[in-house]
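Residue numbers (my numbering): 9 to 614.
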């Protein structure tokens, strides 16, 4: 990671907290989403409880004692009420039956109620046939008891399945709902529904005994005791789960228990005696008391179911708002944190980019230009580098310190360039001064040698003088090399045009092994006198180089020829091993080009 760019490092630093925030926020939102889904499911169950209770109550009203309705036209009305309750419950049954039976008992329970509802028309037809046959209204006790038993048996499964559905609805609501109030209300409704079912069964038993349609045998008395125990336990459990208001309502209901206890006592006494010996009470008094008690239980249960539905809906709405609020807060936090981190990152990357761009501009453009200007104008040139960062740039202290360090480096580079130019100028001046003085003495020496050559008659001495002459010419060429290194112009030997042959001879005279040179000048061509000196110097250097890097016995050819475009090509050809084309291109001076193992110069003929 140490080799990563600043942008990449900052991206990682920005990404890590954003990912952590995203994951944490996602987990929180997902958790709230699960809670919201649970509240939706609980709300659906709570919505289904009311029509389920209404349907169960309608079944109790319709099937509790059909014989009581024979004297009126109310049976059709009661059935219409039951059908209305079923129509409200059926959509919930169809929805619940489509669930996964492995997750809860609700799908099976709902499907069983649907299947049993399909048998409801047949049950009613059976009841209608008994009514038409007079069996339900028959005064014969045995026939009436048998008919009522058939009705009870035919409808018991439907009423039990409906009660099981209510128990499953309240039980599942207690499991899935995260709201404690909804859970307590659901438990209260389940216990009140049990209380209602046992009370209805007990009422039906009392009705049959008081009316004389059935006798209180041991089996019916055992059922009576079971109904009594169920009511006692259900009321106790409901009191435990209920709110203060609901407990108050149950206390009022408990006040009726003394009257109910008297009915139960009389019924118990009638177990061992005939009904004529024990006065259980009148049918009208019992019907009034039972109707009042069942109405109270139904009112408390319906109110608790409505409270459960309201609480579940409120919990669902609160869960939805909470989920949306947290999701919005997470999203807003992500945006704010992203913007903040991006802004902080820009305060680092933008100054660094500007610093890098400024440093690159100074190093690659401005500093070379300043050095070139110093070399051109000399030490007196007014050269300064602009700062890599403007004075009003917003950047951290570390970035500003680096910028100042780069500015100091640029200033130091300019100072060193100026000092180098000053030193080089001083060296050049020293070289030029020494070269000029040495050149002056060499010129005097050449003049003396020329004078001696013109007066000497001895061949041996003349040969020695020629050798001195070449040595002095080479010394003059070396002085010219110093002038070239110092940046000064080589002396101008003539102002008039110089023929090529004279140019070749002058170049040959300035090298040591002049005997190996074979001259092949071209006639009718000459060069300007202003460049003759530099050209002679260059040819002498090439010839000396050819003599040094070729076999001592080989010849060196110095030739000239016209080109097709009217130019003049001068070629130095030797027998050396040569160098690679790339190295030749790097070493050769401006103008010459490679031809084999030698060199050539091209120019315009004058």
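Using N, Cα and C, we set each Cβ at its ideal position, and we do this for glycine too.
Asked	Found
Would you check if the distance between the CB atom of residue 51 and the CB atom of residue 320 is smaller than 8 Å?	yes
What would DSSP say about residue 564, mapped onto helix, strand or coil?	strand
Do you know offhand how far residue 593's Cα is from residue 586's?	12 Å
DSSP puts residue 105 in a beta bridge; with which residues?	None, per the DSSP bridge assignment.
Nearest to residue 445 by CA position, among 484, 475 and 410, is which residue?	484
Using the Cα positions of residue 86 and residue 71, report the straight-line distance between them to the nearest angstrom.	10 Å
Report back the beta-carbon spacing between residue 302 and residue 208 to the nearest angstrom; my notes put them in contact at under 8 Å.	7 Å
Below 8 Å on the Cβ atoms is my contact criterion, and I expect residue 67 with residue 166 to pass it. Report the Cβ-Cβ distance as a whole number of Å.	6 Å
What is the DSSP secondary structure of residue 10, reduced to helix, strand or coil?	coil
Would you kindly work out how many angstroms separate the C-alpha atoms of residue 114 and residue 22, rounded to a whole number?	50 Å
What do you reckon, are the CB atoms on residue 506 and residue 537 nearer than 8 Å?	yes
Can we say the region 509 to 529 touches the region 558 to 575, given the rule of at least three CB pairs closer than 8 Å?	yes
So is residue 210 buried or exposed if we call it buried at 16+ other beta carbons inside 10 Å?	buried
Are the CB atoms of residue 29 and residue 345 within a distance shorter than 8 Å?	yes
Am I right that residue 511 and residue 477 are in contact with their C-beta atoms under 8 Å? What's the rounded C-beta distance?	Actually they are not in contact, since the Cβ atoms of residue 511 and residue 477 sit about 18 Å apart, beyond 8 Å.
Report, in whole angstroms, the separation of the C-beta atoms of residue 481 and residue 517, which I expect to be a contact under 8 Å.	5 Å
Just verifying my parser: in three-state terms, what is the DSSP assignment at residue 580?	strand
Give the secondary structure of residue 126 by DSSP, where H, G and I count as helix, E and B as strand, and everything else as coil.	coil
For residue 340, which of helix, strand or coil comes out of DSSP?	helix
Starting from residue 414, trace the beta strand (DSSP E) both ways and give me its first and last residue.	From DSSP, residue 414 is part of no beta strand (DSSP E) but of the alpha helix (DSSP H) over 405 to 463.
With H, G and I counted as helix, E and B as strand and the rest as coil, what does DSSP make of residue 535?	strand
Are the beta-carbon atoms of residue 198 and residue 178 separated by less than 8 Å?	yes
Could you check if residue 180 is buried or exposed, using at least 16 other CB atoms within 10 Å of its CB as the buried criterion?	buried
How long is the line joining the alpha carbons of residue 136 and residue 122, rounded to whole angstroms?	22 Å
Span of the beta strand (DSSP E) holding residue 469?	It is not in any beta strand (DSSP E) - residue 469 instead sits in the alpha helix (DSSP H) that spans 467 to 493.
With a threshold of 16 other CB atoms inside 10 Å of the CB of residue 200, please say whether the residue is buried or exposed.	buried
So, using beta-carbon positions, are residue 487 and residue 450 closer together than 8 Å?	yes
Under the rule that 16 or more other beta-carbon atoms within 10 Å means buried, what is residue 443, buried or exposed?	buried
May I have the straight-line CA-CA distance separating residue 25 from residue 41, to the nearest angstrom?	23 Å
Quick check on DSSP: helix, strand or coil for residue 555?	helix
Under a Cβ-count criterion, where at least 16 other Cβ atoms within 10 Å of its own Cβ denotes burial, should residue 248 be classed as buried or exposed?	exposed
Please determine, among 193, 260, 187 and 292, the residue with the shortest C-alpha to C-alpha distance to residue 615.	Residue 615 is absent from the model: the chain starts at 9 and stops at 614.
According to DSSP, is residue 389 helix, strand or coil?	coil
Please state whether DSSP places residue 397 in a helix, a strand or coil.	coil
Roughly how many whole angstroms lie between the Cα atoms of residue 332 and residue 187?	18 Å
Please classify residue 407: is it buried, with 16 or more other beta-carbons within 10 angstroms of its beta-carbon, or exposed?	buried
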